[in-house]
Structure formats: structure tokens, C-alpha cells
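The block underneath contains the structure these notes are about, expressed in C-alpha cells.
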Amino acid sequence: MFSAAYANDWGISVPWEEAEVPPPEIKPYELPTLKGQAPHYNVPTPALTPAPKVDPDAIFNTVLKCYPEKSKFKLDINLIAGMKSNIDEYDSEGWPEITEHYIGIVGKMPLYSTTEQSRERQWEYQRRTATATSVASFTQSLADRNYAYRLMGLYLSLEARAQLRVKKGVANVSEQVALLEKVASSHRDVLAHEAKIVEHRLALVAMCEATYTDQMNRYLQKLAFLPRPTPEIQSQ
């Protein structure tokens with residue numbers, strides 16, 4: 001106050017009476033998370049709600065029942081060809097030329113064919129084996145997708161923790177970068193398994209007759225549904 005009074009009397013201004021100039025706000029670089037908005041590291045992505053139980057035997061039997069009707073044109077026929085000439089046996093003078101030579105084809109169709117039964121069993125075995133393979137691949141893809149999704153949730157929590165540690169200066173940014181790569185890898189796995197689920201689901205649908213494809217597709221889509229965490233679970 002004393003200096004200010006003398007400064008006013010002298011008609012001069014002193015530099016320390018000027019308003020304080022705040023320093024510029026400089027924000028250090030902060031590596032973002034893969035998701036953009038990271039969850040709090042103490043509140044990780046919760047576990048999945050119970051998904052529909054997958055019964056591979058039920059899927060297998062359902063697909064077998066919706067196969068197209070078996071073809072009825074499966075006859076075991078043996079053809080025998082023969083040629084006959086009448087020139088040497090009879091006097092062909094005056095006969096039309098068509099009667100001098102003839103060729104015959106005879107077909108033998110047995111009432112009971114072991115060859116056809118063997119072929120039928122082989123066809124049925126191949127059909128069931130292909131169905132079982134597709135069902136196994138479908139269920140395996142569901143398990144892989146659910147596992148990858150849960151793993152991604154855990155990595156998201158660790159990534160958020162690493163981001164805070166880097167911000168406080170207690171960890172190097174390489175820690176967050178490593179976890180960011182794990183989040184990206186697990187997210188890529190989720191997408192890859194989702195694509196496999198679609199592939200095997202459509203393969204099973206393609207095995208069915210056209211009248212049952214829509215029903216089978218809806219049935220498999222319900223089994224492949226991945227429930228999201230509910231708000232109640234997220235708040236816990």
C-alpha cells in the first residue's frame with residue numbers, strides 16, 4: 001500500500017501492480033485407449049449374463065430331421081447288350097433289311113440289392129458325419145467367442161489402469177501400449193469368432209430343406225446370441 005501511494009503521487013506505475021498473468025495450460029500427451037473412453041480400472045467390464053445353453057445333440061438331431069427327402073430314383077440296374085444276325089440261319093431273300101440284323105439291350109433290376117443298401121449306408125454315414133462336424137465347429141466357435149469377449153473386458157480394465165499410472169508418472173507409456181495391443185488383439189479375435197459362427201450357422205441351415213431353413217436359422221441365431229451385461233450387473 002505504501003508503494004502504491006507513492007507511485008500515485010509520482011505519476012508512475014510499478015510493474016508488480018499489474019494483474020497476474022496465469023501461465024499457459026499445457027496438457028501433456030495422453031495416450032488414448034482403444035475404446036476411446038476407458039472405464040475406471042476398479043470397475044472392469046462385468047462378466048456376461050448367462051447365455052442360452054447349447055445342446056449339440058439337439059442341434060444334430062434337428063438338422064437331420066430337416067434334411068431334404070431322399071431321392072427315389074436309386075435303382076440298381078445292370079444292362080446287357082446283344083446283337084443277332086439272321087443272314088446265316090434263314091433265307092433272307094425278300095425280307096426287309098431291318099430284319100437281317102438287330103441289337104437288343106436288356107436291363108436286370110433285382111428286388112433286393114446289397115449294392116444299393118451299401119451305397120445307402122455310406123451316403124447316410126457321410127451325411128451324419130458332415131452334420132456332426134458342422135455342429136462341433138458351431139459350438140466351438142460360440143465358446144471361443146464368449147471367451148474372447150470376456151478376455152477383452154479384462155484387458156480394457158488393465159488398459160485403463162495403465163493409462164492412469166502413466167498419467168501419474170509411476171509407469172512408462174510402454175505399459176499402456178502393450179495392453180492396448182492386447183485389447184486390439186482380443187477384439188480382433190471376437191470379430192473372427194463371430195464370422196466363424198456365421199459360417200457354421202449358414203452351413204447347418206444349408207443342409208435343411210427349403211421349407212425349414214427359416215426356422216432353423218432363427219433357432220441357431222437364438223443359440224448364438226451373446227447377452228450384454230445388464231445395468232444392475234454393471235453397477236455392482
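Going by the UniProt record's numbering, the sequence shown runs without a break in its numbering and finishes at 236. The C-beta atom is built at its ideal place from N, Cα and C for all residues, glycine as well.
The stretch 197 to 207 in contact with the stretch 153 to 165 per 3-pair CB rule at 8 Å: no
Along the alpha helix (DSSP H) that carries residue 217, what are the first and last residues, could you check? 213 to 223
Residues near residue 196 by beta carbon distance below 6 Å, same chain, minus five either side: 141
Just to check my reading of the structure: residue 148 and residue 190 have Cβ atoms closer than 8 Å, yes? What is that Cβ distance to the nearest angstrom? 5 Å
So residue 64 packs on residue 128, CB below 8 Å; how close in whole Å? 7 Å
Tell me whether residue 131 is buried or exposed, calling it buried when 16 or more other Cβ atoms sit within 10 Å of its Cβ. buried
I'd like the list of long-range same chain contacts for residue 134, defined as Cβ closer than 6 Å, with 5 residues on each side in sequence excluded. 200, 203, 204
Considering residue 61, what are the terminal residues of the alpha helix (DSSP H) in which it resides? 56 to 65
Just to confirm, are residue 52 and residue 223 a CB contact at a threshold of 7 Å? yes
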